[in-house]
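Numbering (this note's numbering), first residue to last: 425 to 787.
Glycine is no exception: its CB is placed at the ideal position from the N, C-alpha and C atoms.
Reading through the structure tokens given below for one structure.
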């Protein structure tokens with residue numbers, strides 16, 4: 425037994441450290457003062473520093489790390505299988521090789537979960553946008569919901585003619601232009617809420633966008649590199665507000681309803697019509713869906729006011745969703761839902777839609 429432990433000493437130390445980090449995280453995650461200190465003094469500055477460093481590369485370092493990680497895992501597995509074959513000839517128990525594979529895989533999984541928890545998961549237990557801004561979600565009355573939905577419909581109709589469009593009347597702006605203008609478009613939000621201020625960096629286009637287009641993902645924030653990564657095949661009219669949603673995560677906003685609210689508000693505050701229109705579009709989508717459930721009559725009354733440009737963009741969005749792979753969509757939906765619930769987001773992916781309460785309270 426002693427010889428076995430010595431042979432796998434490094435692996436056991438790795439496992440012990442990984443388990444210890446997770447135990448410590450779960451022990452202190454509900455202590456708000458500890459989480460606030462860790463997030464705003466350590467984790468968030470580190471993530472933003474990584475974002476600045478990785479901004480030098482024109483491609484997504486998140487993709488590079490993920491692909492490299494897969495290759496490393498395959499390489500380690502092949503190495504262990506070769507060791508097992510060699511040891512079988514030397515009459516070494518086969519179980520040791522299987523143990524190394526199992527324990528090594530467990531150590532890797534626990535290390536990733538622990539690192540993610542420290543870098544990003546802790547954000548869910550620190551002060552969010554509502555606590556830091558003083559803007560809180562409140563119960564919504566139907567008449568208030570209808571009023572704000574109508575306001576967003578008016579914003580859509582007003583800004584729709586201001587953005588470039590293709591021959592079918594669909595929003596048509598180069599991805600590079602959206603990415604380049606996203607930093608300046610977010611700055612009015614920093615002035616309104618100074619705690620969101622940070623050195624701006626452009627988002628990264630994903631090479632795996634064709635894969636993501638089959639799933640439920642239009643973008644993701646990668647805390648290990650501090651990058652906002654965007655599915656460039658998503659409906660073009662949605663990309664500006666998607667970018668600002670991921671930027672909100674870069675600025676320390678973890679809860680999805682708050683990230684949506686920050687993204688929408690950033691666009692509305694912006695004097696850039698690309699981001700203004702996209703923000704009104706996202707806001708209207710969530711508000712009108714809620715209004716349809718509460719009062720179909722009011723929904724149809726407001727929906728009838730939308731211009732042809734706006735309707736063309738919504739048709740483009742529907743066409744995009746119809747091309748998704750149902751199985752891939754369910755899998756990624758379930759993965760995202762599980763991740764959010766793991767960090768105390770009781771509504772899971774439904775929390776995205778809870779932005780309605782914030783929008784009605786603010787507008």
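Boundaries (first-last residue) of the alpha helix (DSSP H) holding residue 576:
For residue 576, the enclosing alpha helix (DSSP H) stretches over residues 566-583.
Go ahead and pull the three-state DSSP assignment for residue 643.
Residue 643: strand per DSSP, three-state reduction.
Run through the DSSP bridge pairs and tell me what residue 595 is partnered with.
In the DSSP output, where bridge partners are listed per residue, residue 595 has 589.
Separation of residue 476 from residue 651, as counted between CA atoms:
If you take the alpha carbons of residue 651 and residue 476, they lie about 9 Å apart.
Count the other C-beta atoms from every protein chain shown that fall within 10 angstroms of the C-beta of residue 674, then say buried if there are 16 or more, exposed otherwise.
Result: buried.
Take the Cβ of residue 459 as the centre, count every other Cβ of all protein chains shown within 10 Å, and call the residue buried at 16 or more, exposed below.
Buried, since its Cβ has 16 or more Cβ neighbours within 10 Å.
Mind checking residue 733: buried by the 16 CB within 10 Å criterion, or exposed?
The residue in question, residue 733, is buried, as its Cβ has 16 or more Cβ neighbours within 10 Å.
The segment 528-537 / the segment 655-668 touching (three or more Cβ pairs under 8 Å)
Under the three-pair Cβ rule at 8 Å, the segment 528-537 does not count as touching the segment 655-668.
Buried versus exposed call for residue 628 [16 or more other C-beta atoms within 10 Å across all chains shown]
Residue 628 should be labelled buried.
Sorted by chain position, which residues of the same chain lie with C-beta nearer than 6 Å to residue 778's C-beta, five sequence neighbours on each side aside?
Taking residue 778 as the centre and dropping the five residues before and after it, the same chain places the C-beta of 681 closer than 6 Å to its C-beta, in chain order.
To which residues does DSSP link residue 652 through a beta bridge?
DSSP, once it has assigned bridges, lists 645 as partnering residue 652.
Does residue 628 come out as helix, strand or coil in the three-state DSSP assignment?
In the structure shown, residue 628 sits in a strand (DSSP, three-state: E or B).
Cβ-based burial, residue 610 [other Cβ within 10 Å; buried from 16]:
Its Cβ being crowded by 16 or more others within 10 Å, residue 610 is buried.
Euclidean distance between Cα positions of residue 612 and residue 463:
Using only the alpha carbons, I get a separation of about 24 Å.
Burial state of residue 497 (16 or more Cβ within 10 Å):
Looking at its Cβ environment, which holds fewer than 16 other Cβ atoms inside 10 Å, residue 497 is exposed.
Taking only three categories from DSSP, how would you classify residue 457?
Assigned with DSSP and collapsed to three states, residue 457 falls in helix.
Would you call residue 465 buried or exposed, if buried means 16 or more other Cβ atoms sit within 10 Å of its Cβ?
Residue 465 comes out exposed.
Under a three-way DSSP split, which group does residue 751 fall into?
Of the three classes helix, strand and coil, the one that applies to residue 751 here is helix, per DSSP.
Nearest candidate by alpha-carbon position, reference residue 600, set 579, 616, 657 and 574:
For residue 600, the nearest C-alpha among the options comes from 657.
Is it true that the CB of residue 701 sits closer than 8 Å to the CB of residue 584?
Judged by their CB atoms, residue 584 and residue 701 are nearer to each other than the 8 Å cut-off.
Proximity of residue 722 and residue 780 at Cβ, strictly below 8 Å:
With contacts defined by Cβ atoms closer than 8 Å, residue 722 and residue 780 do not form a contacting pair.
Tell me, please, whether the segment 585-593 touches the segment 638-647 by the rule of three or more beta-carbon pairs shorter than 8 Å.
Taking a contact to require three or more Cβ pairs closer than 8 Å, the segment 585-593 and the segment 638-647 do not qualify as touching.
Reduced DSSP category for residue 696 - H, G, I as helix; E, B as strand; rest coil:
If DSSP states are grouped into helix, strand and coil, residue 696 belongs with coil.
Rounding to the nearest angstrom, what Cα-Cα distance links residue 509 and residue 527 in this structure?
Approximately 19 Å between the Cα atoms of the pair.
Over what stretch of residues does the alpha helix (DSSP H) that includes residue 729 continue unbroken?
First-last for residue 729: undefined, no H or E at that position.
Which of the three DSSP states is assigned to residue 677 in this structure?
It is coil, neither helix nor strand.
Element boundaries [alpha helix (DSSP H), containing residue 442]
DSSP places residue 442 in the uninterrupted alpha helix (DSSP H) bounded by 433-452.
Could you check how far apart the C-beta atoms of residue 484 and residue 653 are, in whole angstroms? I think they sit under 8 Å.
Confirmed, Cβ separation roughly 5 Å.
Is the segment 681-691 touching the segment 754-766, taking contact as three or more C-beta pairs under 8 Å?
Judged by Cβ distances under 8 Å, the segment 681-691 makes no contact with the segment 754-766, as fewer than three pairs qualify.
Buried or exposed: which applies to residue 740, given that a residue is buried once 16 or more other Cβ atoms fall within 10 Å of its Cβ?
Per the 10 Å Cβ criterion, buried.
To the nearest whole angstrom, what separates the beta carbons of residue 669 and residue 769, a pair I think is in contact under 8 Å?
Taking C-beta atoms under 8 Å as the contact rule, residue 669 and residue 769 fail to qualify, at a distance of about 15 Å.
Between residue 635 and residue 488, what straight-line distance do the alpha-carbon atoms span, to the nearest angstrom?
Distance between the alpha carbons of residue 635 and residue 488 is about 16 Å.
Skipping 5 residues on each side, what residues in its chain have a beta carbon closer than 7 Å to that of residue 697?
Contacts found: 583, 586 and 587.
Assign residue 677 to one of two classes, buried (16 or more other C-beta atoms within 10 Å of its C-beta) or exposed (fewer than that).
With 16 or more neighbouring CB atoms inside 10 Å of its own CB, residue 677 falls in the buried class.
If you draw a straight line from the C-alpha of residue 455 to the C-alpha of residue 547, how long is it?
The straight-line gap from Cα to Cα measures roughly 12 Å.
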